[in-house]
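Here the sequence shown is numbered in the numbering used here, starting from 21 and rising by one per residue.
Note that the Cβ used here is the ideal one computed from N, Cα and C, for glycine as well.
Worksheet: one structure, shown below.
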Amino acid sequence: MMLTFIEATSTATNDGDHSTVQSWAKKFINRRSASLFSILYICMYMPVLISLAALFSIEIVFDTFNDFFSIASKWGMVKFTIIKIVLSTILLIFFQLLNIYTFSPSRYIQTILTFVKFLPLIVAIVGSFSVFFIGGVDQKNSFNPSEPFEKSWKLTTIFATIIPIMFAFDGFVYAATLRKDCENKKVVPPAMLSAILAVTLFYITVTVSIFVSREDGNIFELFNSIFNSNVYLVVFFKIIIALTMLTILNGYSTLLPKTINSAIEEKLIFLNFKSNLYKKGGYLGFAICGLIYIIFVSLSIIITSKNINELSAFYISNYSSNSSVMFSFTSYLIIMIGVLVNKKTKKVKVENIKGGLVTGIISIVMLTIVLGYAYYDFFVNKMINKDYTDPLLLIVFGIIIAIIWFINEILLSKKNIEKNDFILRLNPKNWIKYNKEQKVKEYLNKKGNKNNV
Numbered sequence: 021m022m023l024t025f026i027e028a029t030s031t032a033t034n035d036g037d038h039s040t041v042q043s044w045a046k047k048f049i050n051r052r053s054a055s056l057f058s059i060l061y062i063c064m065y066m067p068v069l070i071s072l073a074a075l076f077s078i079e080i081v082f083d084t085f086n087d088f089f090s091i092a093s094k095w096g097m098v099k100f101t102i103i104k105i106v107l108s109t110i111l112l113i114f115f116q117l118l119n120i121y122t123f124s125p126s127r128y129i130q131t132i133l134t135f136v137k138f139l140p141l142i143v144a145i146v147g148s149f150s151v152f153f154i155g156g157v158d159q160k161n162s163f164n165p166s167e168p169f170e171k172s173w174k175l176t177t178i179f180a181t182i183i184p185i186m187f188a189f190d191g192f193v194y195a196a197t198l199r200k201d202c203e204n205k206k207v208v209p210p211a212m213l214s215a216i217l218a219v220t221l222f223y224i225t226v227t228v229s230i231f232v233s234r235e236d237g238n239i240f241e242l243f244n245s246i247f248n249s250n251v252y253l254v255v256f257f258k259i260i261i262a263l264t265m266l267t268i269l270n271g272y273s274t275l276l277p278k279t280i281n282s283a284i285e286e287k288l289i290f291l292n293f294k295s296n297l298y299k300k301g302g303y304l305g306f307a308i309c310g311l312i313y314i315i316f317v318s319l320s321i322i323i324t325s326k327n328i329n330e331l332s333a334f335y336i337s338n339y340s341s342n343s344s345v346m347f348s349f350t351s352y353l354i355i356m357i358g359v360l361v362n363k364k365t366k367k368v369k370v371e372n373i374k375g376g377l378v379t380g381i382i383s384i385v386m387l388t389i390v391l392g393y394a395y396y397d398f399f400v401n402k403m404i405n406k407d408y409t410d411p412l413l414l415i416v417f418g419i420i421i422a423i424i425w426f427i428n429e430i431l432l433s434k435k436n437i438e439k440n441d442f443i444l445r446l447n448p449k450n451w452i453k454y455n456k457e458q459k460v461k462e463y464l465n466k467k468g469n470k471n472n473v
């Protein structure tokens, strides 16, 4: 999958070229799909993950302290929740403003936290194998459970594990968008491929280490085992894990203005900032994030307020991430198909990678199967089990994105009717018999007459 996107990044050969998901869609598919993807990422995917990261980072810290010191019972659940919301809001505002006005601090934060997040994982690897070898091969773990697992493999279980694994590698797609800012653009593809292979090997090692030392595969419980429930060490490493969530918050806060900037410059959305493009795009992203954050927190409080002990501001954000990932990987699949078709049509000049055709076909088939099952699970299995949250969010998000895209196309069409006659094709009179040149001329004459009045 990543090899396909590495080929896609090679289309950005000039300094003015963007290397974003919507840029690839415009080159390999068409302009309207690119507009749809830009709206998807600007109005849903990135703001949802930014809100999620702001809430979840504070959620981890407070839940950790609550487990050991029972602060929720001392403060009361309402006060406990309000403090979490206030701190999450401060985090969201801070990183949004930071990435609007500066560049260097954000890069330093991302670099430092990226290295920091490997610390608990390295400790988990060393500690897990230590627990395993000290306890002996007969100790209980995921490979030798207290109660035997089901002997038969379930295909649904395999599919269920693939989606979060794919999400773990989602960041590499967006690393490709930074190609525009690199002095030497040729180093991006090999650097990405090397990083993917290294991280894959590291994740496999982490996974095996946790499974050989824990029955439940829970890394938080693993720290309790390693440190013999030493409160301060366990809290310290859980806080580090919470800090790693800031890489998502900071990363997408950096990426959102760039995505808006790209969409405006490539005329994928109707907005047109004549000056201070980056800052205005940043404030637009800030406003969208703020709106989604307020809606998510408000709905979460309303839904969970029926039981004061389950009061949470995180409820909707947690579920909404599922819908975001579904739409995101659907867009990836469409672009991958476009890149593969381009190998035959040669519509766009790309850097062909050896083995790209075979791996591209395999990736498309596998991703189609996984997404097919995921949509089936969302709309069939969850409905059967009367779990309506995920499917409802998916439908609501889909409707909202479709409405915004529809309005955007109308406004774009009005600005340049000669190249984009979308508004004319909406007229039922033009559905059967349609002469573009004649209708465009009539529209311009009518518009000119109105301006003269």
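Between the alpha carbons of Glu235 and Phe257 lies a distance of about 20 Å. Taking a 10 Å sphere around the C-beta of Ala74, we find 16 or more other C-beta atoms and assign the residue as buried.
Residue environment: Lys104 is assigned as buried (16 or more neighbouring CB atoms within 10 Å of its CB, all protein chains considered).
Within its own chain, the residues whose Cβ lies closer than 7 Å to the Cβ of Lys363, once the five positions on either side in sequence are excluded, are Leu377, listed in chain order.
The C-beta distance from Ile443 to Ser433 rounds to 4 Å, short enough to meet the 8 Å contact threshold. When Ile246, Phe82, Ile224 and Thr40 are compared, the shortest CA-CA separation from Phe153 is found for Ile246.
Sixteen is the threshold: since fewer than 16 other Cβ atoms of the shown chains lie within 10 Å of the Cβ of Phe135, the residue is exposed.
Pro165: not part of any alpha helix (DSSP H); DSSP gives it neither H nor E. By the CB criterion at 8 Å, Ser53 and Ile354 fall inside the cutoff. Residue Phe82 holds the alpha-carbon nearest to the alpha-carbon of Leu107 among Phe82, Lys406 and Arg127. Contact between Gln116 and Phe306 holds, since their C-beta atoms are separated by about 5 Å, short of 8 Å.
For Arg445, the enclosing alpha helix (DSSP H) covers residues Phe442 to Arg445.
Per the Cβ contact rule, the stretch 49-64 is not in contact with the stretch 250-266 (fewer than 3 Cβ pairs under 8 Å). Restricted to the stretch 70-110, the alpha helix (DSSP H) segments that are unbroken, complete and at least 4 residues in length are 91-95, listed in chain order.
By the neighbour-count criterion, in which a residue is buried when 16 or more other Cβ atoms sit within 10 angstroms of its Cβ, Phe88 is exposed. Excluding residues up to 5 positions away in sequence, Phe442, Ile443 and Leu446 lie with their Cβ nearer than 8 Å to the Cβ of Ile430 in the same chain. Within the same chain, and ignoring the five residues on either side of Ile230 in sequence, the residues whose Cβ sits closer than 7 Å to its Cβ are Ala144, Ser148, Gly237, Ile239 and Leu242.
For Tyr454, there is no enclosing alpha helix (DSSP H), since its DSSP letter is neither H nor E. The C-beta of Tyr408 has fewer than 16 other C-beta atoms within 10 Å across all chains shown, which makes the residue exposed. Here Ile80 has Ala262 as same chain residues with Cβ atoms under 6 Å from its own Cβ, once five neighbours each way along the sequence are excluded. For Phe247, the three-state secondary structure derived from DSSP is coil. Just so you know, the alpha carbons of Met356 and Met22 end up roughly 10 Å apart.
Taking C-beta separations shorter than 7 Å and ignoring five residues to either side along the sequence, the partners of Leu291 in its chain run Ile284, following chain order.
Measuring C-alpha to C-alpha distances from Asn164 to each of Val41, Val232 and Thr109 identifies Val232 as the nearest.
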